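Heads up, the thing below is written out as structure tokens.
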Amino acid sequence: MPKTFAQLCLVSSLSMLAGAAALAQAPAAAPAGAAATASAGSCPAILHQTFKRLQDDTPQDLCQYAGKVILVVNTASYCGFTNQYEGLEAMYAKYGSKGFVVLGFPSNDFGQQEPGSSKEIADFCYNTYGVKFPMFAKSVVSGKEPNPLFANLIKATGKAPAWNFHKYLIDRNGKVVDNFGSKVTPGDKQLVGAVEKALGNS
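Numbers -24 to -1, 1 to 178, taken from mature numbering (1 follows the signal peptide of the UniProt record, and there is no 0), label the letters of the sequence shown in order.
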């Protein structure tokens, strides 16, 4: 892990911890909008996975996102990149009606910067950044045993997350078309261009 990433996240962690306690009693994030599950025949192989929803542990079949352009992101609450939640939510709001969705996967893999329970994570995301895009229960996204979706994303791109907020872009056909490191913000022209291309050309 590059030292600059660790230092950046450590500094941000200290400033954010003080405000996190006040969110403990806040309501859990609003449930993600339910979508009809695609039939097995129309669901790409990479989406044949089920994960628990962050807010309430309800199992979610990723096939419900078949036919959409998907940005998969591993997230953390106490990192220097945590403010990317704001940009990710803005992207979801802007392009959601065109068939775009962000899927967030909290992980404690890097710097132990996602130590909280599912409720604590959901409360933080919703109350601090107004996150409404779908998020799932905390899981492993790197190393020898990443969750099945990330295992497939890593295999498809040859790139494993090096830190929090790595991003993988999946087109409407279920093909992994690009990936972006932690420093690439949601407003970066390269990322925005890739999303718009996937939406326009799919």
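Using N, Cα and C, we set each Cβ at its ideal position, and we do this for glycine too.
Since the structure is predicted, the reported quantities are computational estimates derived from the model, not experimental observations.
According to DSSP, residues forming a beta bridge with residue i
i	result
M111	G80
I97	DSSP lists no partner for I97.
P35	K28
Status (buried if at least 16 other CB within 10 Å, exposed otherwise) for residue i
i	result
Q36	buried
K165	exposed
D32	exposed
A6	Only weak support exists for where A6 lies, its pLDDT of 41 falling under 50; the value from the coordinates is given anyway. By the 10 Å Cβ count, A6 comes out exposed.
T51	buried
E121	exposed
N123	buried
T58	buried
S158	buried
Extent of the continuous alpha helix (DSSP H) to which residue i belongs
i	result
N128	P124 to T133
Q60	Q60 to Y71
Limits of the unbroken beta strand (DSSP E) element including residue i
i	result
I46	V45 to T51
N155	V152 to F156
L145	K143 to I146
For residue i, the nearest candidate out of the options (CA to CA)
i	options	result
L145	K74, C19, T34 and L79	L79
G56	F81, E90, L23 and G106	E90
A138	V152, G87, K95 and A170	G87
V77	Y105, N103, K44 and S94	K44
L30	C101, V116 and M111	M111
T104	E62, N155 and L175	E62
residue 249	P82, H24, T26 and V168	Shown here, the chain extends from -24 to 178; a query on residue 249 therefore has no answer.
G134	F141, D154 and V168	D154
Residue-level contact to chain D via CB, residue i, 8 Å cutoff
i	result
K151	Considering every chain present, this structure includes no chain D. It has just one protein chain.
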